[in-house]
Each structure stands twice: as C-alpha cells, then as structure tokens.
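*Asks:* Below is the structure I would like to discuss, written out as structure tokens.
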Amino acid sequence: MSAPRTLPASRTALTAVLLGALVLLAVATLASVTVGTRVLSPAETFAGLLGHEGVAATVIWELRLPRTLLGLLVGCALGVAGVLAQAVTRNPLADPGLLGISAGGAVAVVAGSAFLGLGAGIPRVLLALAGAALATAAVYLFASRSPEGLTPVNMTLAGMAMTAFLAAAVSATVLLSASTMDQYRFWVVGALDLPDPAVLLPAIPPAVAGAILAMVVSGSLNALALGDDTAAALGVAVVRTRLLAGAAVVLLSGTAVALAGPIAFVGLVIPHIARALVGTDVRRVLALSAVLGPLLLVTADVVGRLVARPAEVQVGVVTALLGTPFFIWLTRRAKERAQ
Amino acid sequence: MIAAPPRTRRSPRALRSLLPRPRPRSRVVAAVLGAWLFLVVVTAVALSLGDEATSPAALWAALQGRGPENTVYAVLEVRLPRVVLAMVVGAAFGVSGGLSQSVLRNPLASPDVLGISAGASVAVVAVIAIGSLGGPVGVVPVPVAALVGGLGAAALIALLALGGALRGRRILLVGIALSAALTALTQFLLTRIDVYDAQRSAAWLTGSLNARGWGEAMPVLVGVAVLVPAALVLAHTNRALLFEDDVVAGWGVRPGRARAVLLVIAVCLAALATSAAGPVAFVALVSGQVARRLAAVPDIPPLLAGAAGASLVLVADTVARTALPSQLPVGVLTGLVGAPYLLYLLQRRRSTRGTP
Numbered sequence: 208m209s210a211p212r213t214l215p216a217s218r219t220a221l222t223a224v225l226l227g228a229l230v231l232l233a234v235a236t237l238a239s240v241t242v243g244t245r246v247l248s249p250a251e252t253f254a255g256l257l258g259h260e261g262v263a264a265t266v267i268w269e270l271r272l273p274r275t276l277l278g279l280l281v282g283c284a285l286g287v288a289g290v291l292a293q294a295v296t297r298n299p300l301a302d303p304g305l306l307g308i309s310a311g312g313a314v315a316v317v318a319g320s321a322f323l324g325l326g327a328g329i330p331r332v333l334l335a336l337a338g339a340a341l342a343t344a345a346v347y348l349f350a351s352r353s354p355e356g357l358t359p360v361n362m363t364l365a366g367m368a369m370t371a372f373l374a375a376a377v378s379a380t381v382l383l384s385a386s387t388m389d390q391y392r393f394w395v396v397g398a399l400d401l402p403d404p405a406v407l408l409p410a411i412p413p414a415v416a417g418a419i420l421a422m423v424v425s426g427s428l429n430a431l432a433l434g435d436d437t438a439a440a441l442g443v444a445v446v447r448t449r450l451l452a453g454a455a456v457v458l459l460s461g462t463a464v465a466l467a468g469p470i471a472f473v474g475l476v477i478p479h480i481a482r483a484l485v486g487t488d489v490r491r492v493l494a495l496s497a498v499l500g501p502l503l504l505v506t507a508d509v510v511g512r513l514v515a516r517p518a519e520v521q522v523g524v525v526t527a528l529l530g531t532p533f534f535i536w537l538t539r540r541a542k543e544r545a546q
Numbered sequence: 059m060i061a062a063p064p065r066t067r068r069s070p071r072a073l074r075s076l077l078p079r080p081r082p083r084s085r086v087v088a089a090v091l092g093a094w095l096f097l098v099v100v101t102a103v104a105l106s107l108g109d110e111a112t113s114p115a116a117l118w119a120a121l122q123g124r125g126p127e128n129t130v131y132a133v134l135e136v137r138l139p140r141v142v143l144a145m146v147v148g149a150a151f152g153v154s155g156g157l158s159q160s161v162l163r164n165p166l167a168s169p170d171v172l173g174i175s176a177g178a179s180v181a182v183v184a185v186i187a188i189g190s191l192g193g194p195v196g197v198v199p200v201p202v203a204a205l206v207g208g209l210g211a212a213a214l215i216a217l218l219a220l221g222g223a224l225r226g227r228r229i230l231l232v233g234i235a236l237s238a239a240l241t242a243l244t245q246f247l248l249t250r251i252d253v254y255d256a257q258r259s260a261a262w263l264t265g266s267l268n269a270r271g272w273g274e275a276m277p278v279l280v281g282v283a284v285l286v287p288a289a290l291v292l293a294h295t296n297r298a299l300l301f302e303d304d305v306v307a308g309w310g311v312r313p314g315r316a317r318a319v320l321l322v323i324a325v326c327l328a329a330l331a332t333s334a335a336g337p338v339a340f341v342a343l344v345s346g347q348v349a350r351r352l353a354a355v356p357d358i359p360p361l362l363a364g365a366a367g368a369s370l371v372l373v374a375d376t377v378a379r380t381a382l383p384s385q386l387p388v389g390v391l392t393g394l395v396g397a398p399y400l401l402y403l404l405q406r407r408r409s410t411r412g413t414p
C-alpha cells in the first residue's frame, strides 16, 4: 500500500513518537492562547487563565480558548476520519473530501442558510451530519450495486461522482445569488473564528461518538487491509466493519464541516505522515493521527494569525500551504516499492 | 534485479504484432462508431436549438448557406462557433483524461485531479484580483493566464515528482497535494476581492462557454488537430505500458520516456481546453471512465474518450444555453449530467480486470 517501507516501530519507539507529538501539541495550544493580534506575556497569560477580570482574561476566555478548542476538536476529527476513509476504501488517496462526504455536509449547510436561513449551532450540526450521512449512503449503495461489488476503485469513483454532482449543485446556488456567494466564500475556505462559542457544544457528542466507533473498528480494519476474503476468513464481519467505519467517518467529518467549513487536506495528509512515522497498523496510525491532526490545525491557525497582522489568513489556506511542502517532501523521501 | 533486456527499436506496427490482441475487438469498434454517431446526432440537435428552433430541412439548407437570412445567421454565426468550441474543448478534456488515466493506471488521474485546473484557476483569479484591488485591469488576458498557470502547475508537479518513476502513486500524490495548495490560494484570493468580481471568478472557475466563439475555439482546434493524432500513433505504446516494465523494455519501448511523452500530450490538451473554457468540472475524469467502460478494455481508446468528452460538453452546454438562466454556465451542468451517468455505468457494465 502507500506506506513507505519502514519497519513496524517498536513499542518504545511508538511511545516516544506519541509523546513527542503530544509535547508539540501542548506547545501549539499554549501558543494559540498567547499569540494573536495582541501577544500576551507569559505572566499575563497565566493571570488571564486563572482570573476572570481584565483584558487578558477576556481575550483568553472569550476568544482564544474557544477557538483553540475548536481547532483541537476539528483537527482530531479530520485526522481520524482520514485514517478510517483510507483504510475502508484501501485507497491511500481517499479522504472525506474525495468520497463526497464533506461535499454532502457542505451542500446541506449552504442550502440550509440560502433557502431556510438557518444559522450556526445545533441546526447547522444536524444539517451537516444529515448531508454527510445521505451522501455516504448514496456512495455506498451505488458502489456496492456494481457487478464487481464494493471494490475500492468503485467506491472512490462513486465518491468522486457524488462530489462533482454536489459541487455543481453548490455552484448553481452560489452563482444565482450574490449574497449567498458572499457568505459562502468565507465559509468554504475553512476558518476557526467562531461567531459564538456556544455553537461548539452541540458538536461534541457526535465527535465523541465517532471517536469511540473508530477505536472499536480499528482492529478489524487491519484485517480488512488484507482483502475482503482474507478478512472474512480471519473471522471479521466485513460488511459490519465497513458500515461502522463509514458511520464514524460521517460523524467526524460532518462535525468538522459544521464547525469550520470543508477544510481539505488534513484528512489526506495526516494519515500518510502518521504511517511514515509508526508503520501501517491502523490502531497506531489512528492514535498518532488524533494528535497530529489538531497539531497541524492549531499550528496553522497560529501562523495564520501572525503572518498578516492585524488581519488573518484563514486556517484552511495555511493548512494547505504548510502541509503541501511537507507532504511532498515525505512522498519523495519514501522509496516507492519496486513493482 | 533481472538483467536489462537488450533494447531494440521497433516500429509501432511491429509492436502491435507483439501485443496480445484485445479480447472483445468488435466491441471496441462498435463503441467508437456508436459514440461518434451519437456525437453527430447531438451536434445536429445543438445546431437546431436556440431562440427559435430550426427544422432539420432548414438546418441542412442553412449549413450550405441557403434559406432565410436570419436562420443562416443564427446557425452559422451564432450557434456553430459555440458548438465547435464545446466539441473541441470536450474532446481535448476527454482525450487528456483517458491518456492520463491509462498511463498512470489510476481512474482518478485526470488533469483536474492532478492540479492542471488548479494552476490555471489560481492564475486567472490572480489576474482578476489584481484588477479588483486597484491594479491595472486586464494586463494579461484570461486565456493566456490560464494556459501559463496550467502548464506551470504541470511543470512544477514534474519537477517535484522528479526522480521517481512516472508510474504509480508519487506523481498522483504530488499532484493532489499541489492541487490542494493552489485551490486554497484561489479561495483565499476570492475572500479578498469585490463580491461581484468573486462571482465573475466563480463563473470562470466552474467552466463557461458564454460569449465565446471562433477566437477561443481556434487555438484548441489546432491543438486537438496536432495532439490527438500523436496520441493515436502512440496507441500501441499506450497499450504496451499496461504490462510490466521489464516486459515492455523487452519489446523495445522505453517505458519511462513513453509515459512522459503521453503525459505531456495529455497536459497540453487539458491546458489548452482550460484556457478556452475554464476548468469545466469533471469532464476529463468522467470521459476517460465512460470510454473505458463502454469499450471494456483497460487501455482507454483516445477516439472514444474524445467523443465522450465532446458529447458531454455539447449536451451540457446546449441545455445550459437553451433551458437555464444565463448565469448558470456549462460547468454546472457537466457535473449534474456527467456524475449520474458515471454512477449508472458503475452499476451496469462489468469492466475488464485491469487497473485504470
């Protein structure tokens, strides 16, 4: 598969990598709380985190902490969803964006705000989840009814077709209405500046449910990597594994779309980076991706706040611009297996 | 490692005799003929539809320059340029998608996924943004910007993927990554400009044939006339590349160079088509897959992919032109028409074993 030929890391190496990633994540989180249009000193940060009065406390509790939490949640969801999507389709190029899942959520959100005037919060989370679920179900049905059955190629193709169909529907909505275009262009980039911290709450239950499902199916996904027949011979319920993993992808990427817009690239890149570091075991890749996803997103958000002060560059833009060179370096480094 | 087989140059014809015959040969021929017949019918329908429908007899007369003056004008001056443009753009995208999918052995390896469209898009939106933000308006014409952007992105991908074999995953991964970065830049530029400029950009980004004619069609027509025959000459090489590299080398074909040549043809076709009509969504990807499924062979016949692309763009543009509000360009329709058709084909045809 896509993994470079690294030997499976030993348990201590895995622990070291995970710990290192966690330390980096802690640093990034701290930076996200202190750094912005106004950079706080360590003392100010400490006082602001403890107290509830003063400018520092307001900035931290009202703006930066919710935003950082959002980054952590969305990054984690996207990283884990990417691992699951690639494992289920056995396609290293798959991610929620490619399978039509993000597009489903995005269409539902855009239509909801254009035609029904629905805002952020619970309605948006529900809309995004419903859209993502419908798109996934359609892709699954179309792909599984083909004569060859549910092959990775068919699933990816059906996903691409669904994405193109839904993207065309969004284009039509946006091209017909300048006001929708005006909102859409800011949302579609992917940004973490929340209008209201309260919209974070309704997204937490589906994200947690998705994460739990991911942990449950990760072992079976390892068997699925060997092919359907081998997996079945090993006693894995192939269809059930796929359905559960699909449900987890829907929950996670639907939540991410509702909160931050369709941020591309995190779901594609993070699993590749994780595999390069710890080998191909889905459980290990999953654990590391859950840390690397938020690391990438929070770092990108901090960078986006700094490069164009006092204005901001949206996190989706920074993610892609930061992630691309690193990803290309990684693919160049990885020796392609001789065919 | 196996010792490298001795390299002997072979003419394309000699290569053909070495290759195993494609199994359902009659099916390929039937599919190509059927697709071209369909294209002819669609062309006739497209030429006769407009503000006022033209009957088949009147259309035949108008094409020869006879009949009422306003009918002749509508058919020859208004509809014909746009129909020709739709056909050549679609054919260029289709052949390009078919070539890249079969050379890289991946159904997703179409120029829009590989970043050619993204490169063209970022260049065009940058030009529009310069005008929108108070710089000189229209220093670089949009088609030129698109061509430079598309070819630039392709060169960058080639450079970044250099050192790896042109087959397989690396070039695809690099292309997708670069594509994501360029798309992010495009979206960023869209948030910085005036909303009406943003909407104008969005129409170009979807792919549109509105207000275009011979001026845009000619460069693509010339490109198609040169590059598609080249692809046809190399068809046997393309088919040979489906085998293992050692085997191919034994037949006297250098696999690396053959892939590079075929990919350059694909990239040039896609960049030319994009410069004329914008990155018309999904055409390259869907045409290659439709052609492969109709012919049921793993190497995608360029004539079939071209006909599929031309038909798709022509049908979509005719519907957009005659039945929809003018803000909705052809690119909206190619997704809405092409995607369900691909899903339908996925259900029905048993495709041959083989990767693309």
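Chain order of the listed sequences is A and B. FYI, in my numbering the residues of the first sequence are 208 to 546. FYI, in my numbering the residues of the second sequence are 59 to 414. Quick reminder that beta carbons are idealized off the backbone N, C-alpha and C, glycines included.
#1: Can you tell which of B:Glu135, B:Leu404, B:Leu236, B:Gly265 has the C-alpha that lies nearest to the C-alpha of leucine 475 of chain A?
#2: What are the boundary residues of the alpha helix (DSSP H) that alanine 471 of chain A is part of?
#3: Out of A:Pro249, A:Gly338, A:Asn429, which one is the CA nearest neighbour of alanine 454 of chain A?
#4: Can you find a C-beta in chain B that's less than 8 Å from the C-beta of aspartate 389 of chain A?
#5: Hey, how far is the Cα of serine 378 of chain A from the Cα of valine 390 of chain B?
#6: When DSSP labels each residue in this structure, what does glutamine 122 of chain B get in the three-state scheme?
#7: Using the beta-carbon count (16 or more within 10 Å), is proline 249 of chain A buried or exposed?
#8: Write down the C-beta distance between isoleucine 186 of chain B and isoleucine 251 of chain B rounded to the nearest angstrom, noting that I regard them as a contact closer than 8 Å.
#9: Could you please give the first and the last residue of the uninterrupted alpha helix (DSSP H) stretch that includes arginine 297 of chain A?
#10: Can you find the residues in the same chain that come closer than 6 Å, C-beta to C-beta, to phenylalanine 534 of chain A, ignoring five residues on each side of it along the sequence?
#11: Return the chain-ordered ranges of every alpha helix (DSSP H) run that is complete within the segment 201-277 of chain B and spans a minimum of 4 residues.
#12: Pairs of beta-carbons, one from the segment 319-334 of chain A and one from the segment 444-452 of chain A, closer than 8 Å: are there three or more?
#13: Measure from the C-beta of glutamate 543 of chain A to each C-beta in chain B and report whether the shortest distance is under 8 Å.
#14: Find the residues of chain B that neighbour aspartate 528 of chain A, judging by a C-beta separation of less than 8 Å, and give them in chain order.
#15: With burial defined as no fewer than 16 other Cβ atoms inside 10 Å of the residue's Cβ, what is the status of threonine 180 of chain A: buried or exposed?
#16: When you check each C-beta in the segment 254-274 of chain B against every C-beta of chain A, which residues fall closer than 9 Å?
#17: If we call anything under 8 Å between Cβ atoms a contact, is glycine 207 of chain B one with alanine 178 of chain B?
#18: Kindly list the residues whose CB is nearer than 7 Å to the CB of valine 338 of chain B, restricted to its own chain and excluding five residues on each side of it in sequence; keep chain order.
#19: Can you give me the Cβ contacts of isoleucine 60 of chain B inside the same chain, cut-off strictly under 7 Å, excluding the 5 residues immediately before and after it?
#20: Can you grab the Cα-Cα spacing for the pair valine 348 of chain B / alanine 366 of chain B, in whole Å?
#21: Can you give me the C-alpha to C-alpha distance between threonine 506 of chain A and proline 356 of chain B, rounded to a whole angstrom?
#22: Residue range of the alpha helix (DSSP H) that isoleucine 329 of chain A falls in?
#23: Whose Cβ in chain B lies nearer than 9 Å to the Cβ of leucine 357 of chain A?
#24: Just how far apart, CA to CA, sit arginine 137 of chain B and threonine 332 of chain B?
#25: In chain order, what residues of the same chain have a beta carbon less than 6 Å from the beta carbon of glycine 417 of chain A, not counting five sequence neighbours either side?
#26: Do three or more CB pairs link the segment 275-286 of chain B to the segment 124-132 of chain B at distances below 8 Å?
#27: Can you give the Cα-Cα distance for alanine 430 of chain A and valine 360 of chain A, rounded to whole angstroms?
#28: In the structure shown, what three-state DSSP assignment does tryptophan 94 of chain B receive?
#29: State buried or exposed for glutamate 260 of chain A, treating a residue as buried only when at least 16 other CB atoms are found within 10 Å of its CB.
#30: Distance check for leucine 231 of chain B and proline 469 of chain A, CA to CA, integer angstroms please.
#31: Indicate whether the contact test is met: 3 or more Cβ pairs, each with one atom in the segment 515-532 of chain A and one in the segment 490-502 of chain A, closer than 8 Å.
#32: So with CB distances below 7 Å, who are the chain C contacts of leucine 97 of chain B?
#33: What is the rounded straight-line gap between the Cα of alanine 324 of chain B and the Cα of alanine 242 of chain B?
*Replies:* Taking the structure as given:
#1: B:Leu236
#2: Run containing alanine 471 of chain A: none; DSSP gives neither H nor E here.
#3: The residue with the shortest Cα to Cα distance from alanine 454 of chain A is A:Gly338.
#4: yes
#5: 6 Å
#6: Here glutamine 122 of chain B sits in coil by DSSP.
#7: Exposed is the call here.
#8: 7 Å
#9: For arginine 297 of chain A, no alpha helix (DSSP H) run applies, since DSSP gives it neither H nor E.
#10: Val476
#11: 227-250, 253-264
#12: no
#13: Residue placement at glutamate 543 of chain A is poorly supported in this model, since its pLDDT is 45, which falls under 50; the coordinates still yield a value, given next. Contact with chain B is found for glutamate 543 of chain A, since one of that chain's Cβ atoms lies less than 8 Å from the residue's Cβ.
#14: Per the sequence shown, residue 528 of chain A should be read as leucine rather than aspartate. Neighbours of leucine 528 of chain A across chain B, judged by C-beta separation under 8 Å: Ala239, Ala242, Leu243.
#15: The requested residue 180 of chain A is not part of the displayed model; chain A covers only 208 to 546.
#16: Tyr254, Ala256, Gln257, Ala260, Ala261, Leu263, Thr264
#17: yes
#18: Take valine 338 of chain B, set aside five residues on each side of it, and the residues of its chain with a beta-carbon closer than 7 Å to its own are Val147, Phe151, Gly265, Val371, Val388, Gly389, Thr392, in chain order.
#19: Unreliable positioning characterises isoleucine 60 of chain B in this predicted model, as indicated by a pLDDT of 48, which lies under 50. A coordinate reading is not provided.
#20: 7 Å
#21: Their backbone Cα atoms lie some 44 Å apart in a straight line.
#22: 329-351
#23: The contacting residues do not exist; leucine 357 of chain A stays about 11 Å from chain B at best.
#24: Computed Cα separation, rounded: 21 Å.
#25: Ala455, Leu458, Leu459
#26: no
#27: Each residue's alpha carbon lies about 19 Å from the other.
#28: helix
#29: exposed
#30: The straight-line gap from Cα to Cα measures roughly 20 Å.
#31: Contact between the segment 515-532 of chain A and the segment 490-502 of chain A is not established, with fewer than three Cβ pairs separated by less than 8 Å.
#32: This model lacks chain C altogether, as its protein chains are A and B.
#33: The alpha-carbon atoms of alanine 324 of chain B and alanine 242 of chain B are separated by roughly 25 Å.
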